[in-house]
Amino acid sequence: MCTSLGANFNLGHNAAFFSSNHPKNEKMFCFYDDPSHMIKLVQNAFGDKKIIVNGNGQKIRWDYIQKLYEKENCGGLRAATKLQTNISIITMRKMNVRLAAQLLSNSVCDALLYLNGSYPNFEGYLATAEFCLIFNNAFDILNSRKQLSIKPFNSSINENTFKNIVIS
């Protein structure tokens, strides 16, 4: 639908907008993605596909999330990820924003980083941890309502925060 209206979302094009083409009203309309909907779509695709390959050819694996969940519940590890019920109900509640944000979160990234080298089932986890961190930060940026914040990705986008986002 967006492309038929004239928008182009391909890399290298900056045309996420279209004009009304009305003789009395030449307004421009811009498309943007709803952060809540997008994080749910990412979580659902990740949960359904189980393996996603990033731009560097590294595998982002659902089973690391599953292993982290099992480690927290069976192995006595408590990494504060809020995954206790999350993994088991994702298939039943695919469109729950809170569950998606908990799954693709900074705490899951930190827990995966903590398990590096300590546990044998977590080799090659780095791409998965980075994936969680990227979507945590993107969700925070796009869902922010504040001009200033202590956390770098919880401030609304302006000239100063844009520089920090691009560098990260």
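According to the numbering used here, the sequence shown holds residues 14 to 181 in order.
From the three backbone atoms N, C-alpha and C, an ideal C-beta is built for every residue, glycine too.
So, Thr16 versus Arg74, is the Cβ gap smaller than 8 Å? no
If I follow the unbroken beta strand (DSSP E) through Phe42, where does it start and stop? 41–43
Determine the contact status of Ala113 and Ile52, defining contact as a CB-CB distance below 8 Å. yes
How close, in whole Å, do the beta carbons of Phe135 and Leu146 come, if the pair is a contact with beta carbons under 8 Å? 16 Å between Cβ atoms; not a contact.
Would you call the CB atoms of Phe148 and Leu117 closer than 8 Å? yes
Rounded to whole angstroms, what's the CA-CA distance from Gly70 to Ile64? Just pull it up for me. 12 Å
Could you tell me the alpha carbon to alpha carbon distance between Asn150 and Lys40, rounded to whole angstroms? 32 Å
Along the chain, where does the beta strand (DSSP E) containing Ile170 start, and where does it finish? Note, Ile170: premise wrong, no beta strand (DSSP E); not H, not E.
Using a Cβ-Cβ cutoff of less than 7 Å, which residues in the same chain neighbour Asn119 once the five nearest sequence positions on both sides are dropped? Leu146, Asn149
Distance between beta carbons of Val110 and Ile78, contact taken as under 8 Å: That belief does not hold up - the Cβ atoms of Ile78 and Val110 are roughly 17 Å apart, past 8 Å.
Grouping DSSP H, G and I as helix and E and B as strand, with all else coil, what is Lys63? coil
Taking the alpha carbon of Asp61 as the reference point, which residue from Asp76, Pro48, Asn67 has its own alpha carbon closest? Asp76
Can you tell me whether Phe42 is buried or exposed? The criterion is at least 16 other CB atoms within 10 Å of its CB, across all chains shown. exposed
Cβ-based burial, Phe44 [other Cβ within 10 Å; buried from 16]: exposed
Roughly how many angstroms lie between the CA atoms of Ala58 and Glu172, to the nearest whole one? 33 Å
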